[in-house]
Amino acid sequence: IYRFTLDAPTNVEALVDGTSTEVTVELARDFNNNGVIDETQVEDFIEIVEASTSTSDLGVTLDAGTYFLRLQNSGSDTDYSLTLAPQASRLFPDRAGNTLPSAFDVGVLTEARSLVDTVGVSDSTDYYQFEITTPTNVGITFDALAGSPALALGRDFDGPSGDSIVLESRDILQSQGPLTAPQQTAWSLHLTPGTYFARVSDEFTESSVYDLEISPTPPPGLPADAAGNNLQTARNLDVLTGMQTFSDSVGPADERDLYRFVLDSPTTVDFLLDPTGSSPNVALQILNDLNNNGRIEGFGAGEFIPGAFVNPQTQQAQTSIFLQPGVYFAGVVPVSGNLDTIDYDLSLSIVG
């Protein structure tokens, strides 16, 4: 194990040569200060920042701090030559760090930004940070130019007061599994003001090349998204009165639409979901954030209203639910396995 310190964000390269067997190379940081490099996640921390082997050089952007470089060999003894440098020689410099604090800062999103880089076994993750100052339909276009990179967009819900190092599953707003180059995916997402992160990753390919474009306008051919896909970006209807009808779409580029409404007295609410298209396989969900943590916890947490899951499949569906005063969310989602974009009309109305 080797210990080193950085006094500023730095592109670090670790090169291992002259081995007779494969050696595992790990860059780590003792986030919980217990004197041990923990193999598994500790709270929000993953202490092994990056890993590779002696057959693949390791290069990554690191924040200021103290780090440890560990070499491990499960086979026979071997000699080695280690070069640890604060610059890239055999590898391309890493523009985007692999943690939230070291993310490449795009700044306030006022124009389209094209970000071309690589990920792979020597640098498995790239993070990009951008700011939204007003509600915006953000366009994401992701091109896999080589290899099989994956993309996720999220928000660090722990905020500046938290200790998050990476995006957790609860932070992800939308994701796309590994693409096979040449392949493209595009999203149109309604985002409220705040800080967002795009994560590009590939742990298995030697080198995946990608082009990530982040724009304050939807990608060509995709409609603007009028309803967000998490509780913070839900379309706000405020106190529900009379009947309100909304038209939108969900699909691979927009996996959920959420509508927030408030009831100030015990009320029966009528919901009408009318999808269109050749395979209108969508569902309606009604939920409330019982623990006020700003996250959709899932069916096991009791936040989905019993009996409020409506799947019209090939025709419109209607349900009436008696609800107590409070804040609720109506969500329209594609049914699992549906890869089509589905247009729909959703009506909410007070009964009586």
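If you use our numbering, the sequence shown closes out at 1511, no skipped numbers anywhere. For every residue, glycine included, the Cβ atom is placed at its ideal position computed from N, Cα and C.
Is the beta carbon of Pro1352 sitting closer than 8 Å to the one on Glu1270?
No, these two residues do not count as a Cβ contact at 8 Å.
Out of curiosity, what's the CA-to-CA distance linking Thr1277 and Gln1475?
If I take the Cα positions, the gap works out to 46 Å.
Measuring straight from C-alpha to C-alpha, what distance separates Thr1580 and Thr1237?
This structure does not reach residue 1580, given that the chain is present from 1160 up to 1511, and the question cannot be answered.
Got a sec? Which residues, its chain only, sit under 8 Å from Asp1423 by beta carbon, not counting five neighbours each side?
Excluding residues within five positions, the ones whose Cβ falls inside 8 Å are Val1398, Pro1484.
Quick check on the DSSP output: what are the complete beta strand (DSSP E) runs of length 3 or more inside the segment 1365-1400, in order along the chain?
Segments of the beta strand (DSSP E) lying fully in the segment 1365-1400: 1367-1374, 1394-1398.
Using DSSP with H/G/I as helix, E/B as strand and the rest coil, what is Arg1454?
Three-state DSSP puts Arg1454 in coil, outside helix and strand.
Taking 8 Å as the cut-off, does the segment 1404-1415 touch the segment 1305-1317 (at least 3 CB pairs, one atom from each stretch)?
Segments in contact, no.
How about Arg1358 and Gly1401: do their beta carbons lie closer than 8 Å?
Result no, Cβ atoms of Arg1358 and Gly1401 do not sit closer than 8 Å.
Considering Leu1417, what are the terminal residues of the beta strand (DSSP E) in which it resides?
Note, Leu1417: beta strand (DSSP E), 1416-1422.
I'd like the list of long-range same chain contacts for Leu1130, defined as Cβ closer than 8 Å, with 5 residues on each side in sequence excluded.
One cannot answer for residue 1130 here, as it falls past the ends of the chain, which runs 1160 to 1511.
Roughly how many angstroms lie between the CA atoms of Leu1381 and Ser1347, to the nearest whole one?
Distance between the alpha carbons of Leu1381 and Ser1347: 7 Å.
Can at least three beta-carbon pairs, one atom from the segment 1185-1197 and one from the segment 1218-1229, be found at a separation below 8 Å?
Taking 8 Å as the limit for Cβ pairs, the verdict is that the segment 1218-1229 does touch the segment 1185-1197.
Looking at the secondary structure, which residues open and close the beta strand (DSSP E) in which Phe1190 lies?
Looking at the DSSP string, Phe1190 is not in any beta strand (DSSP E), and its letter there is neither H nor E.
Determine the direct distance from the alpha carbon of Asp1166 to that of Arg1332, and round the result to whole angstroms.
Looking at the sequence itself, residue 1332 is Leu, so the reference to Arg does not match. Those two C-alpha atoms are separated by around 33 Å.
Going by DSSP, what residue range makes up the beta strand (DSSP E) through Pro1434?
Here the beta strand (DSSP E) through Pro1434 covers 1426-1434.
Within its chain, find whatever has a CB closer than 6 Å to the CB of Pro1425; leave out the 5 residues flanking it on each side and keep chain order.
Cβ within range, chain order: Gln1483.
Can you tell me which of the three DSSP states Arg1254 falls into?
Coil.
Cα separation between Tyr1369 and Val1275?
Approximately 6 Å between the Cα atoms of the pair.
Throw me the rounded Cβ distance for the Pro1168 and Ala1244 pair, which I believe falls under 8 Å.
About 15 Å; that fails the 8 Å criterion.
Just curious, the beta strand (DSSP E) that Thr1237 is in, first and last residue?
Counting along the chain, Thr1237 falls outside any beta strand (DSSP E), and DSSP gives it neither H nor E.
In the DSSP assignment, what are the bridge partners of Gln1335?
Answer is Leu1310, bridged to Gln1335.
Going by other Cβ atoms of all chains shown within 10 Å of its Cβ, with 16 needed for buried, is Ala1303 buried or exposed?
Result: buried.
At the level of alpha carbons, what is the spacing between Thr1354 and Gly1266?
Straight-line Cα distance between these residues: approximately 9 Å.
Measuring only the C-alpha atoms, how far is Gly1177 from Leu1217?
Each residue's alpha carbon lies about 16 Å from the other.
Taking only the alpha-carbon atoms, compute the straight-line gap between Ser1261 and Asp1384 and give it to the nearest angstrom.
Whole-angstrom Cα-Cα distance: 30 Å.
Looking at the unbroken beta strand (DSSP E) that takes in Val1441, where does it start and where does it end?
From DSSP, the beta strand (DSSP E) with Val1441 extends over 1441-1446.
Sort out for me which residues DSSP pairs Pro1493 with in a bridge.
The partner list for Pro1493 (beta bridge, DSSP) reads Val1441.
For Phe1204 and Gly1336, I'd like the C-alpha separation in whole angstroms.
Its pLDDT being 49, under 50, Phe1204 is placed unreliably in this model, and the coordinates cannot settle the point.
State the beta-bridge partners of Ile1196 as determined by DSSP.
Paired residue(s): none; Ile1196 is not in a bridge.
Taking all protein chains shown into account, decide if Ile1160 is buried (16 or more other Cβ within 10 angstroms of its Cβ) or exposed.
Exposed, because fewer than 16 other Cβ atoms sit within 10 Å of the Cβ of Ile1160.
DSSP state of Asp1203, grouped into three classes?
Reliability fails at Asp1203, whose pLDDT of 45 lies under 50, so the model's placement of it is uncertain and no value is given.
Measure the alpha-carbon distance for Leu1505 versus Ser1406 and round it to whole angstroms.
Distance between the alpha carbons of Leu1505 and Ser1406: 6 Å.
Taking just the CA atoms, how far does Phe1190 sit from Asp1523?
Only positions 1160 to 1511 of the chain appear in the structure, and residue 1523 is not among them; the question remains open.
Does the distance from the C-beta atom of Tyr1503 to that of Val1428 stay below 8 Å?
It is not a contact, given that the beta carbons lie outside the stated cut-off.
Along the chain, where does the beta strand (DSSP E) that runs through Thr1478 open and close?
Element bounds for Thr1478: 1476-1482.
Taking 6 Å as the limit between beta carbons, can you name the residues of its chain near Phe1263, skipping five residues before and five after?
Closer than 6 Å at Cβ, skipping near neighbours: Arg1254, Ala1255, Tyr1287.
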